[in-house]
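Just below is one structure, and these are the notes that go with it.
Numbering (the numbering used here), first residue to last: 116 to 365.
Now the structure itself:
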């Protein structure tokens with residue numbers, strides 16, 4: 116019995132010691148990266164003991180919040196321009212900026228066979244609403260506008276556009292039927308190497324600028340060991356495997 120008690124006491128002390136070294140990291144995450152980041156955060160906590168507290172939204176809104184003093188430690192943006200801007204403004208830990216994923220845009224509808232494999236549905240325009248994210252707030256929205264312009268269809272379809280504040284809201288417009296189709300992040304509809312429901316056209320990369328998504332440690336997180344650990348974990352093979360599984364390039 117004494118041996119068992121000593122063992123139990125030892126295990127409790129080890130657990131308390133581990134928790135003493137564990138920390139929390141507040142993370143601002145671009146909405147397109149919601150599903151993969153939830154999976155990564157769970158694996159990160161299991162591997163390190165640190166807890167990642169996640170907030171999801173548009174890159175543009177997060178930038179405004181960070182500039183106004185929001186206490187985020189790490190920022191996973193949907194572009195590379197916003198983190199670069201924060202770097203120039205001395206808002207990040209020097210040398211912490213890196214590309215964690217390259218996003219893909221998809222024209223998607225929850226209706227099977229509605230969107231063809233070449234996106235010709237856009238030219239037919241037999242729909243009332245086409246959803247896109249705000250090009251001013253969301254890089255995926257900017258990519259959608261760029262795509263429509265490259266196709267010579269923006270002017271013809273402008274009256275049909277329904278604009279979401281973020282890519283998450285844009286996806287909601289389409290998935291609930293408020294728009295018949297829309298430009299969303301591939302990661303929102305991708306699973307096991309294919310579009311998991313409905314129909315979609317993965318937009319060719321040459322129709323818009325690369326959606327390079329950069330991560331940074333913000334100045335608020337400069338002394339946070341969990342922030343450093345998360346940045347390192349995002350570069351690890353387990354995290355990369357999750358990112359690839361949602362259709363991103365690296």
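Here a beta-carbon is modelled for each residue, glycine too, at the ideal position from N, C-alpha and C. A quick note: this is a predicted structure, and the numbers were derived from the prediction, not measured.
- At least 8 Å separates the beta-carbon of residue 283 from that of residue 218.
- Contact between residue 190 and residue 330 holds: their C-beta atoms lie close to 7 Å from each other, under 8 Å.
- In the three-state scheme derived from DSSP, where H, G and I count as helix and E and B as strand, residue 281 is classed as coil.
- Residue 233 counts as exposed, since fewer than 16 other beta carbons sit within 10 angstroms of its beta carbon.
- Note: residue 341 is not bridge-paired with any residue in the DSSP secondary-structure output.
- Under the 10 Å beta carbon count, residue 174 is surrounded by 16 or more other beta carbons and is classified as buried.
- Counted as a single uninterrupted DSSP element, the beta strand (DSSP E) harbouring residue 298 occupies residues 296-300.
- According to DSSP, residue pairing for residue 218 in a beta bridge involves 326.
- If you draw a straight line from the Cα of residue 349 to the Cα of residue 287, it comes to about 27 Å.
- Residue 194 sits in coil when the DSSP states are folded into three classes, being neither helix nor strand.
- Cβ-Cβ distances below 7 Å link residue 243 to 275 and 295 in the same chain, with the five nearest sequence neighbours on each side left out; the list follows chain order.
- Counting along the chain, the unbroken beta strand (DSSP E) around residue 166 starts and ends at 166-172.
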